[in-house]
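Data block below; observations after.
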Amino acid sequence: MQTRSLCTLSARTAPLLAVLILSACAPPAEEPDPHLRELREELVERFTPGLHTLMVDLGIRHASLWFAGDAENWPLADYMVHELEELVEEIEELHPVYREVQVAALLGEMTHPAVEALEDAVEEEDRTAFAEGYDQLTAACNACHVASDRGALVIQRPTAPPLTNLRFSP
Ligand code: HEC
1 MQTRSLCTLS ARTAPLLAVL ILSACAPPAE EPDPHLRELR EELVERFTPG LHTLMVDLGI
61 RHASLWFAGD AENWPLADYM VHELEELVEE IEELHPVYRE VQVAALLGEM THPAVEALED
121 AVEEEDRTAF AEGYDQLTAA CNACHVASDR GALVIQRPTA PPLTNLRFSP
């Protein structure tokens with residue numbers, strides 16, 4: 001997914017970048033030119049969002065999900081929980097290890113049971129189970145922040161929607 005947006009962006013910005021990216025996306029036929037490889041590595045590094053950026057996105061998804069479920073807007077809650085799940089997968093893929101923190105392993109272990117509980121609650125349109133699943137997810141966010149030596153980052157149920165131009169009521 002990240003590779004696709006990387007390709008799209010570069011193709012729009014400059015043909016040279018498009019060529020470089022296309023060569024990065026296609027399986028290499030032979031050992032690439034070291035200069036080309038260096039450029040490719042630089043581009044990948046430049047266009048890969050950092051863990052903190054993805055975590056800010058995750059914070060927004062987490063907050064939006066609350067307001068969708070709280071309003072019992074089940075189609076929107078379903079959308080948000082799937083977007084959150086995709087984002088978690090993207091983080092696992094892009095930052096499997098971060099400053100010695102086993103991000104991919106921790107994310108999977110800690111958030112997947114809560115995400116599954118949320119998916120079930122949304123499918124059954126169960127407001128109580130939704131709130132329980134949500135608190136379970138929030139506890140997983142915080143447990144990982146503690147495990148990652150980022151215990152100062154405490155996630156909670158949000159008190160105001162992150163976006164006021166998105167309607168949460170069904
Ligand atoms: C793999 C463990 C892990 C899990 C699970 C996790 N986080 Fe994080 N989170 C981190 C780390 C590590 C940082 C600090 C990144 C840094 O130092 O650049 C962070 C940072 C953050 C930040 C601060 C971003 C900033 O720079 O302003 C927010 C917000 C955040 N996480 C939200 C969440 C939410 C919401 C969840 C749960 C849905 C969650 N995180 C789950 C590891 C995790």
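Quick note: the sequence shown uses our numbering, first residue 1, plus one each step.
Beta carbons are placed, not taken as given, at the ideal position from N, Cα and C, and that holds for glycine.
For L76, count the other beta carbons within 10 Å of its own beta carbon; 16 or more makes it buried, fewer makes it exposed. Which is it?
To locate residue 76, count along the sequence shown from 1; it is residue 76. So L76 ends up on the buried side.
So which of W66, V88 and L36 has the shortest CA-CA distance to D78?
Within the sequence shown, numbered from 1, the residue matching residue 78 stands at position 78. For D78, the nearest C-alpha among the options comes from W66.
Considering only heavy atoms of the ligand HEC and the C-beta of each residue, which residues fall inside 6 Å, strictly closer?
L51, H52, M55, V56, L58, G59, H62, Y98, V101, V103, L106, L107, M110, T111, L137, A140, C141, C144, H145, S148, R150, L153 and I155
Can you grab the Cα-Cα spacing for the pair T3 / V88, in whole Å?
Within the sequence shown, numbered from 1, the residue matching residue 3 stands at position 3. Within the sequence shown, numbered from 1, the residue matching residue 88 stands at position 88. Low per-residue confidence applies at T3: pLDDT is 45, beneath 50, and the placement is therefore not dependable enough to give any value.
Is it buried or exposed for S64, if we count other Cβ within 10 angstroms and need 16 for buried?
On the sequence shown, residue 64 is found 64 positions in, with the first residue counted as 1. S64 comes out buried.
Among E119, A68, V56 and V81, whose alpha-carbon lies nearest the alpha-carbon of I155?
Numbered from its first residue, the sequence shown carries residue 155 at position 155. Checked all of E119, A68, V56 and V81; the closest Cα to I155 is V56.
Separation of D126 from S10, as counted between CA atoms
On the sequence shown, residue 10 is found 10 positions in, with the first residue counted as 1. On the sequence shown, residue 126 is found 126 positions in, with the first residue counted as 1. Low confidence applies here, because S10 scores a pLDDT of 41, under 50, leaving its location unreliable and the question unanswered by this model.
Cβ-Cβ distance between G59 and Y134 below 8 Å:
Locating residue 59 in the sequence shown gives position 59, where the first residue counts as 1. Locating residue 134 in the sequence shown gives position 134, where the first residue counts as 1. No, the pair does not count as a contact, with Cβ atoms beyond the cut-off.
Go through its chain and collect everything with a Cβ distance to F130's Cβ below 6 Å, but skip five positions before and after it.
The residue labelled residue 130 in the question sits at position 130 within the sequence shown. So the qualifying residues of the chain are G69 and A121.
Are T48 and L94 touching if we call contact CB-CB under 8 Å?
Working through the sequence shown from its first residue, we reach residue 48 at position 48. Working through the sequence shown from its first residue, we reach residue 94 at position 94. Their beta carbons are under 8 Å apart, which means T48 touches L94 by this criterion.
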